[in-house]
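Peer 1:
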Amino acid sequence: MKRIIKRYLCLMMAALFIISLCPSNKAYASGKMVCPKHVYGCYKPGGYSSVTIYIDNAPKGKISSVKVSNKKVVELSSAYISEYKSTYTKKPKGYKGYGNRSASIYLRVKKAGTTKVTYKIGGVTKTTTVHISKFTKPLTSLTITGAEGGANLANKINWNYSGNLELKNAISSNSVIKFKCKKGWKVTSVSFDCEGGMRKSYSNSKKGIKSYKLGKLEEGKNYSLNISLSDKHGVYESVYVRIQNVKDTPVVY
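Whatever position you read off the sequence shown (first residue = 1), add 1269 for this note's numbering.
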């Protein structure tokens, strides 16, 4: 009898533990609106840059009365609310599902500076301070084994929009890409592709990435790299690297 009672108590405790791990449906429905007090971006002279005010758990209705205190720094591009809900082919009995409604205010950056953006959402007026700094190159050094004799390629990156770097004839039996970032910046992820073949990626947003093993770079194959960077405020930049090891076929007329 004692063994039966003991087994019953164990089953009850296990059931209670599982229930405690299940997410509450009410949490999705009753979440409070979250508006950022500060957002950060950068200004690229001669290029295009933007910054977004993202509002989570937005109430029903529209975003209205968007006003920028200093229009020399940013200007309103667009503002809208988006919504998603869980869908099922056969909804589990008693399960209410979940969803979220968010709002986004897109701002075009015009120059470095600070401005306040006020907006009305759900009948409530909110204010976010936007900080725009002048763009500085986040990478001080970038090398790829087999590319241009291992030279520093950071100064060859075109930063007008997102970073772009074109390379040719990068051959190596065991290539490694290495990074050195400006203070406050770090590489958070790297993805590496061979056209029509291998694909791999690695991310480490907490500590950052200082080097990544690419492997073999062969003649007759093209490769591409996508590198993501962020600073302490969450300002994001990316670099696309294309390695062309396939010789262009001359056009015969």
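Cβ atoms here follow ideal geometry from the backbone N, Cα and C, with glycine treated the same way. Quick caveat: nothing in here was measured; it's all calculated off a predicted structure.
Going by CA-CA distance only, name the one from 1331, 1326, 1312, 1513 that's closest to residue 1439.
Peer 2: Translated into the one-based positions of the sequence shown, residue 1439 becomes position 170. Ranking the options by Cα distance to residue 1439, first place goes to 1513.
Peer 1: Rounded to the nearest angstrom, what separates residue 1385 and residue 1453 at their Cα positions?
Peer 2: Counted from its first residue, the sequence shown places residue 1385 at position 116. Counted from its first residue, the sequence shown places residue 1453 at position 184. Straight-line Cα distance between these residues: approximately 25 Å.
Peer 1: What whole-angstrom Cβ distance do residue 1457 and residue 1480 have, given they're in contact under 8 Å?
Peer 2: Looking up residue 1457 in the sequence shown gives position 188. Looking up residue 1480 in the sequence shown gives position 211. Actually they are not in contact, since the Cβ atoms of residue 1457 and residue 1480 sit about 14 Å apart, beyond 8 Å.
Peer 1: Please confirm if the segment 1487-1494 is in contact with the segment 1455-1470, defined as three or more CB-CB distances below 8 Å between the two stretches.
Peer 2: With the cut-off at 8 Å, the segment 1487-1494 and the segment 1455-1470 touch.
Peer 1: With C-beta atoms as the reference, is residue 1447 less than 8 Å away from residue 1407?
Peer 2: Taking the sequence shown and counting its residues from 1, one reaches residue 1447 at position 178. Taking the sequence shown and counting its residues from 1, one reaches residue 1407 at position 138. No; because the gap between Cβ atoms is not below 8 Å, this pair is not in contact.
Peer 1: For residue 1388, count the other beta carbons within 10 Å of its own beta carbon; 16 or more makes it buried, fewer makes it exposed. Which is it?
Peer 2: Locating residue 1388 in the sequence shown gives position 119, where the first residue counts as 1. Flag for residue 1388 reads buried.
Peer 1: Closest by CA to residue 1486, which one among 1444, 1478, 1516?
Peer 2: If you number the sequence shown from 1, residue 1486 lands on position 217. Per the Cα distances, 1444.
Peer 1: Any chance you could list the beta strand (DSSP E) runs of at least 3 consecutive residues sitting entirely within the segment 1442-1490, in chain order?
Peer 2: The segment 1442-1490 contains these whole beta strand (DSSP E) runs: 1454-1463, 1468-1472, 1480-1486.
Peer 1: Reducing DSSP to helix, strand and coil, say where residue 1416 ends up.
Peer 2: To locate residue 1416, count along the sequence shown from 1; it is residue 147. Correct three-state label for residue 1416: coil.
Peer 1: Measuring alpha carbon to alpha carbon, tell me which residue in 1415, 1348, 1510 is nearest residue 1423.
Peer 2: Looking up residue 1423 in the sequence shown gives position 154. The candidate whose alpha carbon is nearest that of residue 1423 is 1510.
Peer 1: Near residue 1323, what residues of its chain come up, given a Cβ to Cβ distance below 6 Å and the 5 sequence neighbours on each side ignored?
Peer 2: The residue you call residue 1323 lines up with position 54 of the sequence shown. The answer, listed in chain order, is 1373.
Peer 1: Considering only their Cβ atoms, is the gap separating residue 1304 from residue 1397 smaller than 8 Å?
Peer 2: Residue 1397 sits at position 128 when you count from the first residue of the sequence shown. Residue 1304 sits at position 35 when you count from the first residue of the sequence shown. Going by C-beta atoms, residue 1397 is nearer than 8 Å to residue 1304.
Peer 1: Return the first residue and the last residue of the beta strand (DSSP E) that residue 1401 is part of.
Peer 2: Along the sequence shown, one-based indexing puts residue 1401 at 132. Its beta strand (DSSP E) spans residues 1393-1403.
Peer 1: Taking the Cβ atom as the reference point for each residue, do residue 1401 and residue 1335 lie within a distance shorter than 8 Å?
Peer 2: Sequence index remark: in the sequence shown, residue 1401 carries index 132 (1-based). Sequence index remark: in the sequence shown, residue 1335 carries index 66 (1-based). Cβ distance not < 8 Å, so residue 1401 and residue 1335 don't count as in contact.
Peer 1: Any idea what DSSP makes of residue 1433, helix, strand or coil?
Peer 2: Within the sequence shown, residue 1433 is the residue found at index 164, counting from 1. Looking at residue 1433 - three-state DSSP - the assignment turns out to be strand.
Peer 1: DSSP state of residue 1340, grouped into three classes?
Peer 2: As a working note, residue 1340 is residue 71 in the sequence shown. Residue 1340 falls in the coil class under three-state DSSP.
Peer 1: Is residue 1376 close to chain B, meaning its C-beta is less than 8 Å from at least one C-beta of that chain?
Peer 2: Reference to chain B is not applicable here, since this structure consists of a single protein chain.
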